[in-house]
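The structure under discussion appears below in the form of structure tokens.
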Ligand code: PGA
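Numbering (our numbering), first residue to last: 49 to 303.
Next up, the structure:
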């Protein structure tokens, strides 16, 4: 059965690689994607800020999108060290990852701040990839649905998003960088929960069409079984996006 929604395979390079490696990787991903001419999936890569332009200049923009891993919510101003949505866009990006668990953990980003980031990314014409996900203790205490519900409700409160200007990524914290992915069934259960929640806080049309990605130890070995799930519309890939051979196999998922 073909997927209902156009899928998105996104690579989060985190704080890895220097310019030459970024160039090589971006070119390899682009060449592969161009050669496949998919019409059922999209590809995005998110390098560190200094390499947004480098990455954008080394891909075919009709086949590979660029995303930032973060941004600041102000348009401009005296905010030393920060990067605005317009700057990200100006460097060739069309997506912005927002609320990654590493931002929440190490940089204390709260839903209140993330809501502002989502709004400001959207007003610059960027598509936020809003990340949510529970910690292991939440899951062990059966609080995972409650945690994800709060992360979504608080950050999307009064945000009039559509299915085509927001992507949600479910990334259970215990699966990120650990080698232990959520099982396809665990992920599907949460994705369905998120989709129903979107129908409640927005409407059915948006909920049916919005893309919900899975992230957390996605690898060539598990991508096919994850993508077979009805409500999984793509993947946000960390470690395995740094190796062209692995990432292209993930892009080339088979269902
Ligand atoms: P991982 O990271 O694929 O290395 O687990 C995923 C992410 O942090 O987005």
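Cβ coordinates follow ideal geometry from the N, Cα and C atoms, glycine included.
* **Continuous alpha helix (DSSP H) stretch holding residue 254: start and end** => 252 to 257
* **Chain-order list of residues whose beta-carbon lies under 6 Å from that of residue 95 (same chain, five-residue window excluded)** => 61, 70 and 103
* Just confirm the distance between the C-beta atoms of residue 274 and residue 235, as a whole number of angstroms; I'd bet it's less than 8 Å. => 6 Å
* Asked: Using CA coordinates, which residue listed in 140, 137 and 120 is at the minimum distance from residue 131?
  -> 120
* Mind checking which residues open and close the alpha helix (DSSP H) that includes residue 184? => 184 to 188
* Opening and closing residue of the alpha helix (DSSP H) in which residue 284 lies -> Premise fails: residue 284 lies in the beta strand (DSSP E), 282 to 285, not in any alpha helix (DSSP H).
* To do: Would you grab the beta carbon distance between residue 144 and residue 176 for me? Rounded to a whole angstrom, and I think it's under 8 Å.
  => 5 Å
* **Contacts around residue 186, its chain only, beta-carbon distance under 7 Å, and the 5 residues preceding and following it disregarded** => 192 and 195
* **Nearest-angstrom Cα separation, counted from residue 263 out to residue 181** => 9 Å
* For residue 136 versus residue 116, is the C-beta distance shorter than 9 Å? -> Against a cut-off of 9 Å, the Cβ pair of residue 116 and residue 136 comes out as a contact.
* Would you mind giving the Cβ-Cβ distance between residue 146 and residue 166, rounded to the nearest angstrom? I have them listed as a contact below 8 Å. => 6 Å
* N- and C-terminal bounds of the alpha helix (DSSP H) containing residue 247 -> 232 to 249
* Does DSSP put residue 56 in a helix, a strand or coil? -> Strand at residue 56.
* Enumerate in chain order the residues of its own chain whose CB-to-CB distance from residue 296 is below 6 Å, with the five nearest sequence positions on each side excluded. => 80
* Tell me which same chain residues have a C-beta within less than 7 Å of the C-beta of residue 139, skipping the five on either side of it? -> The answer, listed in chain order, is 100, 101 and 104.
* **Through-space distance from residue 303 to residue 129, alpha-carbon basis** => 43 Å
* Which runs of the beta strand (DSSP E), 3 residues or longer, sit entirely within the region 91 to 150? -> 112 to 116 and 143 to 146
* Asked: Which of helix, strand or coil does DSSP assign to residue 217?
  -> strand
* Look up residue 301 in the DSSP assignment and say whether it is helix, strand or coil. => coil
* **Residue from 118, 244 and 256 with nearest C-alpha to residue 164** => 118
* residue 85 to residue 291, Cα distance in whole Å? -> 21 Å
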